[in-house]
Amino acid sequence: MLHAIATASPLQPTAYVSPLLTRRIVSSSRLPLRRPLSTSRLAKFSMSSTVATARALLATPVPFPLPHPRYPAKLTASLPVDEISGMGHDDDEDSDPVPDSILRTPRMVRNAVYSFVDPEDQSKNALLLSWNKEFAATIGFEIGKTDPSAWSEQEHQDLIKFLTGGGKSLPRSDRESVESGSGPRLAQPWAHCYGGHQFGYYAGQLGDGRAISLYETVNSRTGESWELQLKGAGKTPYSRFADGYAVLRSSIREYLCAEAVAALHVASSRSLAILSTETNVVREEGPEPGSIVCRVAPSWIRFGSFEIFFYRKDRKNLRGLAEYVCSEIFNLTKDDPQEMAQFAAQFRSTTLNDSTSASSVDAAAGSKDKDSSKSAAATEDDKPKPMYKNRFAKMLGEVAERTAIMVSGWQSIGFCHGVMNTDNMSILGLTIDYGPYAFLDKYDPAWICNHSDSEGRYSFQQQPAICLWNLGRLALTLENLIGAQEKVDDLEWMQAQESDPEKEKDLKESATDIVVDILNTSFRNVFLKDYRERMNAKMGLFGPVQDEDLTEIVVPALAWMDDHEVDFHSFFRTLADYKVSDKTTVDDNMAQVEQFVKTLVPPIVWEVRGEIATKEARNWMLKYHQRLCESDELKNDQRRRASMNRVNPAFVLRNWVAQKVIERVTKSVEMTRMRTGEEDPDKDLLEKVLWMCQNPYGTDDSAAQDAVKTGDACEVKRNDAGLEVYGEFVGPVPEWGQGIQCSCSS
7 MLHAIATASP LQPTAYVSPL LTRRIVSSSR LPLRRPLSTS RLAKFSMSST VATARALLAT
67 PVPFPLPHPR YPAKLTASLP VDEISGMGHD DDEDSDPVPD SILRTPRMVR NAVYSFVDPE
127 DQSKNALLLS WNKEFAATIG FEIGKTDPSA WSEQEHQDLI KFLTGGGKSL PRSDRESVES
187 GSGPRLAQPW AHCYGGHQFG YYAGQLGDGR AISLYETVNS RTGESWELQL KGAGKTPYSR
247 FADGYAVLRS SIREYLCAEA VAALHVASSR SLAILSTETN VVREEGPEPG SIVCRVAPSW
307 IRFGSFEIFF YRKDRKNLRG LAEYVCSEIF NLTKDDPQEM AQFAAQFRST TLNDSTSASS
367 VDAAAGSKDK DSSKSAAATE DDKPKPMYKN RFAKMLGEVA ERTAIMVSGW QSIGFCHGVM
427 NTDNMSILGL TIDYGPYAFL DKYDPAWICN HSDSEGRYSF QQQPAICLWN LGRLALTLEN
487 LIGAQEKVDD LEWMQAQESD PEKEKDLKES ATDIVVDILN TSFRNVFLKD YRERMNAKMG
547 LFGPVQDEDL TEIVVPALAW MDDHEVDFHS FFRTLADYKV SDKTTVDDNM AQVEQFVKTL
607 VPPIVWEVRG EIATKEARNW MLKYHQRLCE SDELKNDQRR RASMNRVNPA FVLRNWVAQK
667 VIERVTKSVE MTRMRTGEED PDKDLLEKVL WMCQNPYGTD DSAAQDAVKT GDACEVKRND
727 AGLEVYGEFV GPVPEWGQGI QCSCSS
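What the sequence shown shows, in my numbering, is residues 7 to 752, in sequence order.
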């Protein structure tokens, strides 16, 4: 798979238009209203969108010690709101807000980016299971208030209520009670509307079916903006046939994995808190304990956020969303009119002159033979086409580059996402929506972590290609804006092009070369560069990357792991112990090589293919050993080992680890609720495992230094330095934990 990517030819002009789009399309009209709205109430609404630019009549106070909210939120102040949920939310409106029972009714929402909706109150007897004090400082908590031990009892209770939907909404007359020197501490929660391709087919309206954004905040120390969101917060207009809740097992998986992925230096949403509720959530196997996760990201806008408007042919709101992302998310300024005019004057006039000149010659010469015609056509094809990359093209390039870096990170840490639908793809290149994910155990490029993915669409080896395919779906939504090039801000001209099918076709053709160039340079090239650098670091090949490193060292190593069922993560930790400082050739090091193989190859495989595995490992080591001997820095065993152990985790949140934590934490919650009085050995287990996820590289190197000093005959020792902090959660995968797959059920 990686060799194919490394040697692949550049994308063809039509590579981002998938034939899958011409197959079955799931109609969004199949999503019925569960409870029809009354005719009298619907009559009060016009179909045009409004933007909530004023303070709400009803809003929820944000308790201390949570950081100060930006009120109103920039997203809700800038983008169109669902007309029904926006009723009664402006100061100058006389109407009352729409009741929650109507706001939470699943329905089709048009002409809107979001709907106002409050979390369902699940605060009764809710428990704060874990709090991410390390991340709390990042989003702007006051110094000294990041740890729950520093909160008063009232602050503790208020925060739990707020995060479980129990916060009290205040009318406008009571706003003064929550005013501060920085303005009101108010939140007006919302759910985001988006569509998406699921397993290759467009699925219509999806949206935040159980996730509700509380508010935005800006860290005054760093200037970073963050959006706090509750997952499992109850029904929204986008819940479709679901109940809006989340079960404890899936919440634990997301809470831990978001932090694990971030600690492994891959962009991710972050986890702030996880809470247990008394809500009984019914899933396939019966009732399960409910839970809410407070997760955080700079933005939760997705590829599907654009698709919902594209497939509804809502060009106005599609452009409005794109403008918002350009200016507010990526800080891309409006295109310079003077620059656009210069481009038009230079390129368009040149094209026109060439065309006029060619016409004159043709008229004078008359008809030409077929060969001459072909030659002229070929010459015309070779001429450069207009390639003005306006801000929307730059936006696509930014998304493509971030996505490339994200997925190269996944491949380097052995992470399989499981559900790479376009509604789960962040425009910021963040890993989001942790569902049936898995970290690899033995290296298997065809591994499918989602047992609902029967065709392996989202298998480990497919992830880079799927990211590219998903970027193609995003590019389709932006074709007209990108194809307009330097005329994108001439709105009358744009309207004329989009209202004429033939002219709109020209717009799309004008975008083709630009999009292909972006996907080649901003995705393919960035992916390969970042992947090479990450894998070289894992191999201990710090310093400049050589062209042959990928094809002669990395790819063969992966193939060897695959052939002999070697654990992906153990390979790199064990390789860190390989010593070359006093060995001139691999044959001088055969004792190490043999022990290296015997340590990594499973016993049952060793019995059958041990000799072959050793021979192949020796052949691979010839290249690796030679590469290490090229410089004194790489030959420094202690330095190389330390460098490798800073990027290759000792602790990995494998599925068996997550399952064990889920079982024990679930039992701990039951004991707490039953108040049995028994001592709970797992009361702090979630906090401990969270720490492991955030600190996965081990803590001590003394064991390796001792091994060097004593001069062990084998000179290879299992890399267990400092791993005692991880207790039972490191070591060989137990038999029952091998090959665990999860479903999308959560």
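Ideal Cβ positions, reconstructed from N, Cα and C, are used throughout, including at glycine. Only a predicted model underlies this, so the values are computations on that prediction, with no experimental measurement involved.
Cα-Cα separation, residue i to residue j
i	j	result
Arg397	Ala328	9 angstroms
Gln417	Glu558	18 angstroms
Ala156	Ile166	15 angstroms
Ala710	Ala410	Residue placement at Ala710 cannot be trusted, given a pLDDT of 43 that sits under 50; what the coordinates show is reported in the next sentence. Each residue's alpha carbon lies about 36 angstroms from the other.
Leu640	Gln601	22 angstroms
Ile314	Gln211	6 angstroms
His457	Gly146	39 angstroms
Thr672	Arg538	41 angstroms
Ala719	Ser576	A caution first: Ala719 carries a pLDDT of 34, below 50, which makes its placement in the model unreliable, though a value can still be read off. Distance between the alpha carbons of Ala719 and Ser576 is about 22 angstroms.
Ala197	Trp612	54 angstroms
Ala351	Glu345	10 angstroms
Val739	Val561	24 angstroms
Val756	Pro154	There is simply no residue 756 to check, as the chain begins at 7 and stops at 752 in what is shown.
Gly745	Phe445	10 angstroms
Arg681	Phe141	31 angstroms
Glu159	Pro71	12 angstroms
Asn117	Ser129	33 angstroms
Phe466	Pro442	13 angstroms
Lys400	Lys585	47 angstroms
Tyr755	Phe548	With the chain represented from 7 up to 752, any question about residue 755 goes unanswered, as that position is not in the structure.
Arg645	Gln491	51 angstroms
Arg579	Ala648	10 angstroms
Val494	Ile433	22 angstroms
Leu436	Asp594	46 angstroms
Ala623	Val599	7 angstroms
Ala347	Asp214	42 angstroms
Arg289	Asp439	19 angstroms
Ser84	Asn323	12 angstroms
Gln163	Leu525	49 angstroms
Beta-carbon spacing of residue i, residue j below 7 angstroms
i	j	result
Asp127	Gly201	no
Phe309	Thr223	no
Leu169	Ser282	no
Ala65	Gln194	yes
Trp306	Glu233	yes
Val68	Pro78	no
Ile258	Ile668	yes
Met393	Ile520	yes
Three-state secondary structure assigned by DSSP to residue i
i	result
Ser458	coil
Arg679	helix
Ala209	coil
Cys422	strand
Ala444	strand
Ile438	coil
Lys319	coil
Ser155	helix
Lys237	strand
Arg615	helix
Thr28	Confidence is the limiting factor: at Thr28 the pLDDT is only 31, short of 50, which leaves the residue's position unreliable, though a coordinate-based value still follows. In the structure shown, Thr28 sits in a helix (DSSP, three-state: H, G or I).
Arg116	coil
Asp573	strand
Residues that DSSP places opposite residue i in a beta bridge
i	result
Ile280	Ser136 and Val299
Cys473	BP columns for Cys473 are empty, so no partner.
Thr66	Ala193
Trp232	Thr223
Pro343	Paired residue(s): none; Pro343 is not in a bridge.
Asn286	Pro295
Phe122	Trp196
Cys748	Asn456
Gln204	Tyr207
Asp214	Answer by DSSP bridge pairing: none, since Asp214 is not bridged.
Pro75	Thr223
Residue i beta carbon near the ligand NAP (any heavy atom closer than 6 angstroms)
i	result
Cys748	With respect to the ligand NAP, the structure shown offers nothing to examine, as it has no ligands at all.
Supposed close pair residue i, residue j - CB separation, criterion 8 angstroms
i	j	result
Pro470	Phe533	6 angstroms
Ser256	Glu265	Actually they are not in contact, since the Cβ atoms of Ser256 and Glu265 sit about 16 angstroms apart, beyond 8 angstroms.
Ser107	Pro243	About 12 angstroms separates the two Cβ atoms, so there is no contact after all.
Asp249	Lys237	Going by Cβ atoms, the distance from Asp249 to Lys237 rounds to 13 angstroms, so no, they are not a contact pair.
Pro295	Val675	6 angstroms
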